[in-house]
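Student: Numbering (my numbering), first residue to last: 13 to 393.
A virtual CB, placed ideally from N, CA and C, is assigned to each residue, including glycine.
Quick caveat: nothing in here was measured; it's all calculated off a predicted structure.
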Amino acid sequence: MDNGIMNMKSKQKGFSLIEIMVALTISLILLAGVLTIFASSKRTYSLQAELSTLQDNARFVMDDMTFGLRMSGYYGCSTRSPTNLNTGARIEVENNVAIKDATGVSTVSKNTASSISKSDALTIRYYGSNLTLNPASLDLLQTTSAASLGTVRENLLVEQNTINTAFANPNANSFTLDASSVKPAIDSTIVISDCGGSLAYKVASVTGNTVAVKDLDGSTTTFRRTYAWPIEVFTNVTDSVRYEVRGVDNNGDGDANDPEDGYTLYKTDPNCTVAANCNMIPFIEGVQNMQVRLGLDTTGDGVPNQYIEPTANVDANRIIAVKITLLMRTANKRFDLGDTTEAKFTLDPAVIYEPNATANLTNEIGYRHRLFTSVIRIRNS
Numbered sequence: 013m014d015n016g017i018m019n020m021k022s023k024q025k026g027f028s029l030i031e032i033m034v035a036l037t038i039s040l041i042l043l044a045g046v047l048t049i050f051a052s053s054k055r056t057y058s059l060q061a062e063l064s065t066l067q068d069n070a071r072f073v074m075d076d077m078t079f080g081l082r083m084s085g086y087y088g089c090s091t092r093s094p095t096n097l098n099t100g101a102r103i104e105v106e107n108n109v110a111i112k113d114a115t116g117v118s119t120v121s122k123n124t125a126s127s128i129s130k131s132d133a134l135t136i137r138y139y140g141s142n143l144t145l146n147p148a149s150l151d152l153l154q155t156t157s158a159a160s161l162g163t164v165r166e167n168l169l170v171e172q173n174t175i176n177t178a179f180a181n182p183n184a185n186s187f188t189l190d191a192s193s194v195k196p197a198i199d200s201t202i203v204i205s206d207c208g209g210s211l212a213y214k215v216a217s218v219t220g221n222t223v224a225v226k227d228l229d230g231s232t233t234t235f236r237r238t239y240a241w242p243i244e245v246f247t248n249v250t251d252s253v254r255y256e257v258r259g260v261d262n263n264g265d266g267d268a269n270d271p272e273d274g275y276t277l278y279k280t281d282p283n284c285t286v287a288a289n290c291n292m293i294p295f296i297e298g299v300q301n302m303q304v305r306l307g308l309d310t311t312g313d314g315v316p317n318q319y320i321e322p323t324a325n326v327d328a329n330r331i332i333a334v335k336i337t338l339l340m341r342t343a344n345k346r347f348d349l350g351d352t353t354e355a356k357f358t359l360d361p362a363v364i365y366e367p368n369a370t371a372n373l374t375n376e377i378g379y380r381h382r383l384f385t386s387v388i389r390i391r392n393s
């Protein structure tokens, strides 16, 4: 009986070593596939996020420049500068400016062999500071109900009549500011403007909220003309905004010449109060190059049909638009990308950039580029 029990065969069986190894191999293959898909998805998502940021940056830059260019030469309702004051160039373009580092001193040497070794700089000037006349302007858009609209309209008519009365007499020389308005300094220059034009004056005196004016040379103490609503009074403080491309030191080695280093559009510090010596501060990263061209209307139909670099023999009266072209590059070098953007970017017929060209390849591997162009109509009459 014992022998019978000892000779019984067990019906329990396990996995063989080969079966376990096959199962592990299949599992590893599946895991590798999942990890590959995950890594690819993560890489694609990160790249798309950078490209999205690039597009947002380009849009923001274009919006900011568009506002400034449309404000250039702004003197209220009048599109003409004061006839008795030299206001300087509204728009100034510097072509072929060497791209420098963040300090604005040292040239970025890695651009030397590039077809876009130089960029353009743009300066925009306009009157951006105006005084608030009494009564202060009303805004119909702020009306909260139909019932209050009639009252607002009545107040608006009172405002118009009051301001018109103050400037109706060409032999008068004073007007009243709202209590909340800044007060101009005595002997400073102000510009009074309406839809018929504008003139510059010196501030003769400031008594409370009342400002008296005189001619620039002090020979006349009257307005010399009448003004009609809408009337604006500007201090002679010209907002001067400059844009230029600079290299930035991303890897912290003290220069902007390495492939890991990037580019940023710099802009005049908006908080600067010394117009002649304003610092440039970083504005938007990823702007690798900027080209600015002037749009000329050579046929008189109001449409620009030629875009040129500014030269001494350009007829300024024919300039009706400014064309801005930005070459944008992703801000950070991606080491998981072993190539460049395979495209030719035409910033101008004479300015073409190819990231995967031999001269550019080392500095462009791991980046992606996009080109943005905008044409802005400007005041010029």
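Do LEU145 and ASP190 count as a contact pair if the criterion is CB distance below 8 Å?
Tutor: Sequence index remark: in the sequence shown, residue 190 carries index 178 (1-based). Sequence index remark: in the sequence shown, residue 145 carries index 133 (1-based). Yes, the Cβ-Cβ distance between ASP190 and LEU145 is below 8 Å.
Student: Please tell me whether ARG82 and ILE390 are closer than 8 Å, where the distance is taken between their beta carbons.
Tutor: Taking the sequence shown and counting its residues from 1, one reaches residue 82 at position 70. Taking the sequence shown and counting its residues from 1, one reaches residue 390 at position 378. Yes. Within cutoff.
Student: Select from THR234, ALA178, ASN262 the residue whose C-alpha is nearest the C-alpha of ASN344.
Tutor: As a working mapping, residue 344 is identified with position 332 in the sequence shown. Comparing Cα positions, the closest option is ASN262.
Student: Could you check whether the stretch 250-270 touches the stretch 292-305, counting it as contact only if at least three pairs of C-beta atoms, one from each stretch, sit closer than 8 Å?
Tutor: Yes, the stretch 250-270 touches the stretch 292-305.
Student: For the beta strand (DSSP E) that contains GLY209, what are its first and last residues?
Tutor: Walking along the sequence shown from the start, residue 209 turns up at place 197. That run of the beta strand (DSSP E) goes 209-219.
Student: Inspect the CB distances between the stretch 108-125 and the stretch 328-340 and report whether three or more fall short of 8 Å.
Tutor: The stretch 108-125, when compared against the stretch 328-340, does not touch it at the 8 Å Cβ threshold.
Student: Applying the 10 Å Cβ sphere with the 16-neighbour rule, what's the burial state of MET33?
Tutor: For the purposes of this step, residue 33 is taken as residue 21 along the sequence shown, with counting starting at 1. With fewer than 16 other Cβ atoms within 10 Å, it is exposed.
Student: Would you be able to state if there are at least three C-beta pairs under 8 Å between the stretch 264-274 and the stretch 42-54?
Tutor: Result no; under three Cβ-Cβ pairs closer than 8 Å.
Student: Roughly how many angstroms separate the alpha carbons of SER90 and THR188, rounded to a whole number?
Tutor: For the purposes of this step, residue 90 is taken as the residue at position 78 of the sequence shown. For the purposes of this step, residue 188 is taken as the residue at position 176 of the sequence shown. Each residue's alpha carbon lies about 21 Å from the other.
Student: Give me the residue from ASP281, LEU373, ILE49 with the minimum Cα distance to PRO294.
Tutor: One-based indexing of the sequence shown puts residue 294 at position 282. The option with the nearest alpha carbon to PRO294 is ASP281.
Student: For ASN198, count neighbouring Cβ atoms within 10 angstroms of its own Cβ and tell me buried if that reaches 16, exposed if not.
Tutor: What you label residue 198 is simply residue 186 of the sequence shown in a count that begins at 1. In the sequence on display, residue 198 carries Ile and not Asn. Its Cβ having fewer than 16 others within 10 Å, ILE198 is exposed.
Student: Where does the unbroken alpha helix (DSSP H) through PHE384 begin, and where does it stop?
Tutor: The residue given as residue 384 occupies position 372 in the sequence shown. Careful: PHE384 lies outside any alpha helix (DSSP H), inside the beta strand (DSSP E) at 381-389.
Student: Measure the Cβ-Cβ separation of VAL363 and ILE103 and say whether it is below 8 Å.
Tutor: Here residue 363 corresponds to residue number 351 of the sequence shown, with the count starting at 1. Here residue 103 corresponds to residue number 91 of the sequence shown, with the count starting at 1. Cβ distance not < 8 Å, so VAL363 and ILE103 don't count as in contact.
Student: Could you please give me the residues that DSSP links to GLY274 through a beta bridge?
Tutor: Numbered from its first residue, the sequence shown carries residue 274 at position 262. VAL260, per the DSSP bridge assignment.
Student: I need the straight-line Cα distance from VAL46 to ASN291, nearest angstrom please.
Tutor: Mapped onto the sequence shown, residue 46 falls at position 34. Mapped onto the sequence shown, residue 291 falls at position 279. If you take the alpha carbons of VAL46 and ASN291, they lie about 52 Å apart.
Student: Across the stretch 340-357 and the stretch 372-384, are there enough close Cβ pairs to call them in contact, namely three or more that are closer than 8 Å?
Tutor: These segments touch.
Student: Hey, is the stretch 160-177 in contact with the stretch 202-222, meaning 3+ C-beta pairs nearer than 8 Å?
Tutor: At 8 Å Cβ cutoff, the stretches do not touch.
Student: Could you tell me which of LYS226, GLN318, ASN142, THR222 sits nearest to TYR86, measuring between CA atoms?
Tutor: The residue labelled residue 86 in the question sits at position 74 within the sequence shown. Taking only the C-alpha atoms, the option nearest TYR86 is ASN142.
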